[in-house]
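Heads up: the sequence shown begins at 1 in the UniProt record's numbering, then just goes up one per residue. Working notes, structure below.
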Amino acid sequence: MSDDESEDAEEPAVELGDGPDVAGAPLARVSARLTWGIEHSTIVDREGDTAIRTPDGPQELATVLEDVDVPYFADRQEFENAVRDVIGTGPVPTE
Numbered sequence: 001m002s003d004d005e006s007e008d009a010e011e012p013a014v015e016l017g018d019g020p021d022v023a024g025a026p027l028a029r030v031s032a033r034l035t036w037g038i039e040h041s042t043i044v045d046r047e048g049d050t051a052i053r054t055p056d057g058p059q060e061l062a063t064v065l066e067d068v069d070v071p072y073f074a075d076r077q078e079f080e081n082a083v084r085d086v087i088g089t090g091p092v093p094t095e
């Protein structure tokens, strides 16, 4: 391996900015930790206390799921669509 290649490997693939932090976890990160299909109640038990990012600021997933009437999610997409129907889409506020 040449010196040029070793230097490239040490640099981050994407530079991180110095901007303000964003409170809460991205919905995609939370849904990636789950195995699909899964029951509504199981998601609440496992991830209910996790704060997710929403256009209105961070909210606990269990609170958001109170407005979702689906008892069983066959796949990740169905879950994420149901949650986004409740929280909406748009810019997420920063701290």
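Just so it is clear, CB atoms sit at the ideal spot from N, CA and C, and this is done for glycine as well.
Notebook entry, point to check: Any idea if Gly19 is buried or exposed, counting beta-carbon neighbours within 10 angstroms, 16 or more meaning buried?
Noted result: Within a 10 Å sphere around the beta-carbon of Gly19 sit fewer than 16 other beta-carbons, which makes this residue exposed.
Can you tell me which of Gly17, Ile87 and Glu47 puts its alpha carbon nearest to the alpha carbon of Arg53? Restricting attention to Gly17, Ile87 and Glu47, the CA atom closest to the CA of Arg53 is found in Ile87.
### Message
Does Glu15 come out as helix, strand or coil in the three-state DSSP assignment?
### Response
Glu15 falls in the coil class under three-state DSSP.
Q. So His40 and Pro91 are in contact, right, with Cβ under 8 Å, and what is the actual spacing, rounded?
A. In fact, because the Cβ distance is near 28 Å, the residues do not count as touching under 8 Å.
Inter-residue CB distance, Pro55 and Gly24 (contact presumed, cutoff 8 Å): Contact between Pro55 and Gly24 fails: their C-beta atoms lie close to 11 Å from each other, not under 8 Å.
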